[in-house]
Amino acid sequence: MWRRGALVDFEALRAEMVARQIEARGVTHARALAAMRAVPRHAFVPEDLRAAAYEDRPLPIGEGQTISQPYMVAAMTAALDPPAAGRVLEVGTGSGYQAAVLARLCREVVTIERHVRLAARAREVLAQLGLTNVRVEVGDGTLGFPQAQPYDGILVTAGAPAVPAPLRAQLADGGRLVVPVGGASYQELIVESRHGDRFTAEIRDACVFVPLVGRYGHTE
Ligand code: SAH
Numbered sequence: 040m041w042r043r044g045a046l047v048d049f050e051a052l053r054a055e056m057v058a059r060q061i062e063a064r065g066v067t068h069a070r071a072l073a074a075m076r077a078v079p080r081h082a083f084v085p086e087d088l089r090a091a092a093y094e095d096r097p098l099p100i101g102e103g104q105t106i107s108q109p110y111m112v113a114a115m116t117a118a119l120d121p122p123a124a125g126r127v128l129e130v131g132t133g134s135g136y137q138a139a140v141l142a143r144l145c146r147e148v149v150t151i152e153r154h155v156r157l158a159a160r161a162r163e164v165l166a167q168l169g170l171t172n173v174r175v176e177v178g179d180g181t182l183g184f185p186q187a188q189p190y191d192g193i194l195v196t197a198g199a200p201a202v203p204a205p206l207r208a209q210l211a212d213g214g215r216l217v218v219p220v221g222g223a224s225y226q227e228l229i230v231e232s233r234h235g236d237r238f239t240a241e242i243r244d245a246c247v248f249v250p251l252v253g254r255y256g257h258t259e
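Letter by letter, the sequence shown follows residues 40 to 259 in the numbering used here.
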């Protein structure tokens, strides 16, 4: 009998995605891998692109924006390594997928998006999946979201010209800030850690993100 639900085994596609695209490239963070196996990425992409949801690439989500490549989501989540009892800020909600992955790793996620329609759609999908520990806000995330600071981790999923100063200020002691910094065509993933009033920085993978647009980001 022809059954619609039997056409694609998304769980199997996810397991394969994690094995081939993520573990094979050296991501070993067990909680990040488990979250990537669990979160239904296809729920966060436009309906006509669902079949491509587990492919090794970013996909368009409307408003000229993209859901990041699975490997990038895993690598950034592993770099952030949020404490299970912690609160995390994500700048650039987009589809809500990265927020959903983070929501499985920590107590609370605040995510901020400048496009109202993307924020509304992300809120809807996150609610459908029963992820009640994610709060989606609309606004300029280069200013952070001071109402819920401090954050044990801050993850920026758009390319910044420099680390936005308000994000450093809203980071808890011992917290980590993960942000792609560079020009329009490519960036480097920067991981900053806060030790009191001191910050140490590490440079990780080269990457390509849509621009972070805002007061402490690029101009429109
Ligand atoms: N994390 C997303 C992918 C984000 S793409 C996901 O999992 O799908 C980057 C997003 O950052 C875009 O949706 C873009 O609109 C948003 N963005 C860019 N500048 C921003 C800013 N200053 N504040 C909040 N969101 C911003």
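Idealized CB from N, CA, C, for every residue including glycine.
This structure is a prediction, so every number in the text was calculated from the model and none was measured.
query                                                                                                                                          : result
Determine the direct distance from the alpha carbon of Ala211 to that of Glu241, and round the result to whole angstroms.                      : 18 Å
According to DSSP, simplified to helix, strand and coil, what is His81?                                                                        : helix
Would you mind reading off the limits of the alpha helix (DSSP H) that contains Glu50?                                                         : 49-56
Here's the rule: buried if 16 or more other CB atoms are within 10 angstroms of the residue's CB, otherwise exposed. What is Val112?           : buried
Over the uninterrupted beta strand (DSSP E) stretch that includes Arg233, give me the two end residues.                                        : 226-234
Quick check on the burial criterion: 16 or more other C-beta atoms within 10 angstroms. Buried or exposed for Gly213?                          : exposed
Between which two residues does the alpha helix (DSSP H) containing Pro205 stretch?                                                            : 204-208
Are the beta-carbon atoms of Pro203 and Thr181 separated by less than 8 Å?                                                                     : yes
In the DSSP assignment, what residue or residues form a beta bridge with Ile106?                                                               : Leu98
Counting along the chain, where does the alpha helix (DSSP H) carrying Tyr255 start and finish?                                                : That residue, Tyr255, is in no alpha helix (DSSP H); it is neither H nor E in DSSP.
Exposed or buried, Ala74, counting other C-beta atoms within 10 Å across all chains shown (16 or more means buried)?                           : buried
With distances taken between CB atoms, is the gap from His257 to Pro200 smaller than 8 Å?                                                      : yes
Beta-carbon within less than 6 Å of Thr150's beta-carbon, same chain only, minus the 5 sequence neighbours each way: which residues are those? : Glu129, Thr132, Ala138, Val175
Classify Gly214 as helix, strand or coil using the three-state DSSP reduction.                                                                 : strand
Here's the rule I'm using: 16 or more other beta-carbon atoms within 10 Å means buried, otherwise exposed. How should Ser107 be labelled?      : buried
Put Pro219 into one of helix, strand or coil per three-state DSSP.                                                                             : strand
Report yes if the CB atom of Ala90 is closer than 8 Å to the CB atom of Val47, and no otherwise.                                               : yes
Let's see if you can read the secondary structure: which residues bound the alpha helix (DSSP H) around Val164?                                : 155-167
What did DSSP end up calling Asp120 once you bin it into helix, strand or coil?                                                                : coil
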